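Enquirer: My questions will all concern the structure given below.
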Amino acid sequence: MTHPTPPAASPPDARSDARSDTRSNARSNASPDRPQGKGLALRAEGVDLGHGRGAPIVTGLDLDIRPGEILAVVGPSGCGKSTLLRAFAGLLAPVAGRITADGAPVAGPSPDRALMFQDDALLPWRSARRNVELPLAMRGVPRRERRAQALDWLARVGLADAGDRLPRQLSGGMRQRVQLARTLAAGPRAILMDEPFGALDAQTRAAMQRLLVEVLATAPATVVFVTHDVDEALLLGDRVAVLGPDGVGTEIAVPAPRDPDTPAPGDLRDRILAALGARGATAPTKETV
Amino acid sequence: MNTALRWPVRIASLAAAVAAWHLLTAADVRLWVRFDRLPGPAEVAREFARQVQHGQFYADLAQSLVRILTGFGLAAVAGVALGMAVARSRWAGDLLRPLLEVARPIPAIALVPVAILLFPANEQGIVFITFVAAFFPVLVSTRHAVQALPTVWEDAVRTLGAGRIRVLAQVVLPGVLPGVFGGLSVGMGVAWICVISAEMISGDFGVGYRTWQAYTIVDYPGVLVGMTTIGVLGWGTSAAVELAGRRVTRWLPRAEGGPR
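Chains as they are written, first to last, in this note's numbering: chain A, 21 to 309; chain B, 71 to 330.
Structure representation (structure tokens):
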């Protein structure tokens with residue numbers, strides 16, 4: 021399935037309708053049942069973010085994320101990428117400005133907006149299957165169906181046989197696949213991913229990227245994908261936003277996103293690196309390697 | 071260490087202590103510490119063999135066990151519940167912490183006079199003292215475990231749709247169990263100290279009472295039988311707590327072949 025890249029000026033709603041149609045068709049083949057609904061429209065208007073009394077980490081942030089879009093967010097370490105995701109998730113209230121989901125202000129966490137972490141977010145005392153069952157239980161799926169659905173989700177991330185293993189008995193890549201399955205089982209309309217493949221080796225990471233694209237095609241949701249890897253951002257995103265202490269400086273639309281036959285043009289990479297370089301001038305960044 | 075050797079070594083350690091005891095008492099050693107009047111292991115064993123033929127011994131044993139298990143059980147529940155409340159809720163913290171911090175340094179055994187005044191029966195007083203003794207280690211360890219809990223689990227589960235109760239039941243409670251069991255082990259130890267002391271002061275049954283009783287009639291082998299009984303019971307209950315702890319925290323990463 022293709023993800024057309026909306027030009028920046030197009031009205032979000034018109035596009036999202038067209039998209040949600042293709043996506044519902046795709047979903048009807050999906051085996052585990054999920055609540056119907058398209059991706060969430062997320063919006064940040066003039067947002068300042070920070071913890072407690074200290075100076076805000078991010079100021080004056082404006083970001084408009086269209087339903088069903090995959091937005092990759094890059095930026096130097098410590099620029100507030102994770103803080104931004106926590107704010108969208110409703111775990112952190114903005115110091116100033118407004119964050120909305122489908123036009124309604126975000127007041128707290130909701131299963132509509134699931135957060136996926138880099139590592140160690142699985143409950144270590146629950147087996148892989150029981151971790152995936154957790155959001156199903158919260159959605160009120162009867163106990164008997166939970167098991168089958170959880171195993172189904174695990175099978176979709178290629179872990180059909182690992183259901184009974186504890187997180188510590190799984191490799192880093194397998195744990196991230198379980199976390200992906202758990203996140204998707206919650207049926208979120210937006211998935212906020214905080215460098216989810218950042219701790220993995222290059223091969224596992226490439227496999228996970230392919231898996232994510234594959235799974236998202238059948239389980240549509242708006243995705244905000246934070247990464248420090250420019251190539252990963254270009255590979256996965258419909259758009260790439262470069263974040264800095266004074267908000268989003270550069271937003272770049274990726275032509276033919278996630279199409280393996282049309283790799284992102286080199287000049288896009290250069291533009292992102294230039295934007296990162298300008299922003300990260302004070303701090304050395306791995307991103308520019 | 072070779073695993074086959076571990077049990078023989080453990081038994082040898084106990085046997086060596088008993089052998090030393092036997093030698094010191096049989097030779098009537100007087101080296102500033104005096105062993106000439108202390109009963110030897112053989113004498114104690116004879117007295118022990120005599121006592122186990124009488125119903126009295128088992129009645130005392132059962133009485134002490136019921137007291138400690140009641141007090142300890144109540145302390146475990148209350149300690150975990152209040153420890154979680156104090157650590158998670160600002161209101162509960164502000165309301166309860168000053169009270170708990172003032173009460174904590176008071177040795178439970180010093181509450182005997184209060185217990186005698188408060189409770190209509192001795193029995194309830196002794197259980198109360200045991201409860202107080204075990205309560206604070208459980209409370210404090212729970213509180214610290216809650217505060218040390220990684221936030222990522224709670225954040226993840228909240229964004230999957232969990233409310234307050236579910237976070238408490240499915241993230242906080244299981245997550246703090248390793249720390250709680252540390253407190254339970256300590257609590258079981260002080261609970262024994264306090265149940266025996268309370269029985270010595272105000273009991274009319276129980277291992278502690280019987281031990282003190284033997285002392286008042288200068289029956290030293292009887293005193294040592296009581297002490298040995300307390301030691302074995304204490305070891306048994308602590309081992310039960312440890313075993314339960316390892317069962318419920320099987321998910322913790324553990325080095326293979328490490329201690330225990």
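Glycine included, every Cβ here is placed at the ideal spot set by N, Cα and C. Since this is a predicted model, take the numbers as computed values, not measurements.
#1: Mapping DSSP to helix, strand and coil, what is G297 (chain A)?
#2: Check the C-beta distance from Q196 (chain A) over to F217 (chain A) and give it rounded, since I have them as a contact under 8 Å.
#3: Is it buried or exposed for P277 (chain A), if we count other Cβ within 10 angstroms and need 16 for buried?
#4: DSSP on F137 (chain A), reduced to helix/strand/coil?
#5: Considering only C-alpha positions, which residue in the set B:M297, B:G259, B:V288 and B:I287 is nearest to V277 (chain B)?
#6: Take P291 (chain B) and list the residues in its own chain whose beta-carbon comes closer than 7 Å to its own, dropping the five residues that flank it on each side.
#7: Can you confirm whether the stretch 312 to 324 of chain B touches the stretch 247 to 260 of chain B when touching is taken to mean that 3 or more C-beta pairs between the two stretches lie within less than 8 Å?
#8: Tell me whether F127 (chain B) sits in a helix, a strand or coil according to DSSP, three-state version.
#9: Go ahead and label P220 (chain B) buried or exposed: buried means 16 or more other beta carbons lie within 10 angstroms of its beta carbon, across all protein chains shown.
#10: Give every residue of the same chain whose Cβ lies closer than 8 Å to the Cβ of V260 (chain B), excluding the five residues on either side of it in the sequence, and list them in chain order.
#11: Below 8 Å CB to CB, which residues in the same chain sit around D98 (chain B) once its five sequence neighbours on both sides are set aside?
#12: For E271 (chain A), report the span of its alpha helix (DSSP H) as first-last.
#13: In chain order, what residues of the same chain have a beta carbon less than 7 Å from the beta carbon of A241 (chain A), not counting five sequence neighbours either side?
#14: Given that R236 (chain B) touches chain C, what residues does it touch there, using C-beta distances under 7 Å?
#15: With a threshold of 8 Å, are at least 3 pairs of Cβ atoms found where one atom belongs to the stretch 249 to 268 of chain A and the other to the stretch 279 to 295 of chain A?
#16: Going by Cα to Cα distance, which pick from A:D132, A:A253 and A:T282 is closest to D290 (chain A)?
#17: Apart from the five residues on each side of it in sequence, which residues of its chain come closer than 7 Å, Cβ to Cβ, to S44 (chain A)?
#18: Counting pairs of Cβ atoms below 8 Å between the stretch 220 to 229 of chain B and the stretch 137 to 147 of chain B, do you hit three or more?
#19: Using a Cβ-Cβ cutoff of less than 7 Å, which residues in the same chain neighbour N151 (chain A) once the five nearest sequence positions on both sides are dropped?
#20: So what does DSSP say about F245 (chain A), is it helix, strand or coil?
#21: What alpha helix (DSSP H) runs, 4 residues minimum, are completely inside the stretch 141 to 196 of chain B?
#22: Classify A87 (chain B): buried if its beta carbon has 16 or more other beta carbons within 10 angstroms, exposed otherwise.
#23: What residue ranges within the stretch 192 to 264 of chain A form continuous alpha helix (DSSP H) runs of no fewer than 4 residues, ordered along the chain?
#24: Go ahead and pull the three-state DSSP assignment for V93 (chain A).
#25: Comparing C-alpha positions only, which one of A:A237, A:R225 and A:A75 sits nearest to G100 (chain A)?
#26: Which residue from B:G301, B:L294 and B:P323 puts its Cα closest to that of P111 (chain B)?
#27: V222 (chain B) CB to nearest chain A CB: under 8 Å?
#28: For the beta strand (DSSP E) containing T120 (chain A), name the first residue and the last one.
#29: Determine the burial state of I271 (chain B): buried for a count of at least 16 other Cβ atoms within 10 Å of its Cβ, exposed for fewer.
#30: Between the C-alpha atoms of Q217 (chain B) and V156 (chain B), what's the straight-line distance to the nearest angstrom?
#31: Is there a Cβ of chain B sitting closer than 8 Å to that of F245 (chain A), yes or no?
#32: Rounded to whole angstroms, what is the Cα-Cα separation between L170 (chain B) and R324 (chain B)?
#33: Thinking C-beta only, is V311 (chain B) closer than 8 Å to S255 (chain B)?
#34: Do D184 (chain A) and P114 (chain A) have their beta-carbon atoms positioned less than 8 Å apart in this structure?
#35: Run down chain A in chain order and give the residues with a C-beta less than 7 Å from the C-beta of D225 (chain B).
#36: Could you have a look at R166 (chain A) and say whether DSSP puts it in helix, strand or coil?
Expert: According to the structure shown:
#1: Taking the first residue of the first sequence as position 1, residue 297 (chain A) is located at position 277. If DSSP states are grouped into helix, strand and coil, G297 (chain A) belongs with the helices.
#2: In the first sequence, the residue the question calls residue 196 (chain A) occupies position 176. In the first sequence, the residue the question calls residue 217 (chain A) occupies position 197. About 7 Å separates the two Cβ atoms, so the contact holds.
#3: Your numbering for residue 277 (chain A) matches position 257 in the first sequence. Its Cβ being crowded by 16 or more others within 10 Å, P277 (chain A) is buried.
#4: Translated into the one-based positions of the first sequence, residue 137 (chain A) becomes position 117. Of the three classes helix, strand and coil, the one that applies to F137 (chain A) here is coil, per DSSP.
#5: Taking the first residue of the second sequence as position 1, residue 277 (chain B) is located at position 207. Selected option, being the one with the closest Cα: B:M297.
#6: For the purposes of this step, residue 291 (chain B) is taken as residue 221 along the second sequence, with counting starting at 1. Excluding sequence neighbours, P291 (chain B) sits near P109, E113, V114 and E117.
#7: yes
#8: Taking the first residue of the second sequence as position 1, residue 127 (chain B) is located at position 57. Three-state DSSP puts F127 (chain B) in a helix.
#9: Here residue 220 (chain B) refers to the residue found at position 150 of the second sequence. P220 (chain B) is exposed by the Cβ-count criterion.
#10: Here residue 260 (chain B) refers to the residue found at position 190 when the second sequence is read from its first residue. Excluding residues within five positions, the ones whose Cβ falls inside 8 Å are A178, A203, A204 and P207.
#11: On the second sequence, residue 98 (chain B) is found 28 positions in, with the first residue counted as 1. Result list for D98 (chain B): F105 and D106, in chain order.
#12: By one-based count along the first sequence, residue 271 (chain A) stands at place 251. First-last for E271 (chain A): G267 to A273, but that is the beta strand (DSSP E), not the alpha helix (DSSP H).
#13: For the purposes of this step, residue 241 (chain A) is identified with residue 221 of the first sequence, where counting begins at 1. Excluding sequence neighbours, A241 (chain A) sits near G59, P208, R209, A210 and I211.
#14: The chain labelled as chain C is not found among the protein chains of the depicted structure, namely A and B.
#15: yes
#16: Against the first sequence, residue 290 (chain A) aligns to sequence position 270. Of the candidates A:D132, A:A253 and A:T282, the one whose C-alpha sits nearest the C-alpha of D290 (chain A) is A:A253.
#17: As a first step, residue 44 (chain A) must be located in the first sequence, where it is residue number 24. Unreliable placement is indicated for S44 (chain A), whose pLDDT of 37 sits below 50; the coordinate value is still reported in the next sentence. Excluding residues within five positions, none has a Cβ falling inside 7 Å.
#18: no
#19: The residue you call residue 151 (chain A) lines up with position 131 of the first sequence. Same-chain partners within the cutoff: L142, L143, V198 and R202.
#20: Taking the first residue of the first sequence as position 1, residue 245 (chain A) is located at position 225. Three-state DSSP puts F245 (chain A) in a strand.
#21: 160 to 173 and 182 to 188
#22: Locating residue 87 (chain B) in the second sequence gives position 17, where the first residue counts as 1. That one is exposed.
#23: 192 to 205, 222 to 238 and 250 to 256
#24: Residue 93 (chain A) sits at position 73 when you count from the first residue of the first sequence. Looking at V93 (chain A) - three-state DSSP - the assignment turns out to be strand.
#25: Looking up residue 100 (chain A) in the first sequence gives position 80. Of the listed residues, the one whose Cα sits closest to G100 (chain A) is A:A75.
#26: Start at 1 with the first residue of the second sequence, and residue 111 (chain B) comes out as number 41. For the residues B:G301, B:L294 and B:P323, the minimum Cα distance to P111 (chain B) belongs to B:L294.
#27: Your numbering for residue 222 (chain B) matches position 152 in the second sequence. Chain A, which has a Cβ nearer than 8 Å to the Cβ of V222 (chain B), makes this yes.
#28: In the first sequence, the residue the question calls residue 120 (chain A) occupies position 100. Run containing T120 (chain A): A116 to A121, per the beta strand (DSSP E) assignment.
#29: Counted from its first residue, the second sequence places residue 271 (chain B) at position 201. Looking at its Cβ environment, which holds 16 or more other Cβ atoms inside 10 Å, I271 (chain B) is buried.
#30: As a working note, residue 217 (chain B) is residue 147 in the second sequence. As a working note, residue 156 (chain B) is residue 86 in the second sequence. For Q217 (chain B) and V156 (chain B), the distance between alpha carbons rounds to 10 Å.
#31: Against the first sequence, residue 245 (chain A) aligns to sequence position 225. So, not an interface residue.
#32: As a working note, residue 170 (chain B) is residue 100 in the second sequence. As a working note, residue 324 (chain B) is residue 254 in the second sequence. Going by the C-alpha atoms only, they are around 34 Å apart.
#33: Here residue 255 (chain B) refers to the residue found at position 185 when the second sequence is read from its first residue. Here residue 311 (chain B) refers to the residue found at position 241 when the second sequence is read from its first residue. Yes, the pair counts as a contact, with Cβ atoms nearer than the cut-off.
#34: As a working note, residue 114 (chain A) is residue 94 in the first sequence. As a working note, residue 184 (chain A) is residue 164 in the first sequence. No; because the gap between Cβ atoms is not below 8 Å, this pair is not in contact.
#35: Along the second sequence, one-based indexing puts residue 225 (chain B) at 155. In chain order: L111 and L135.
#36: By 1-based counting over the first sequence, the position of residue 166 (chain A) is 146. Looking at R166 (chain A) - three-state DSSP - the assignment turns out to be helix.
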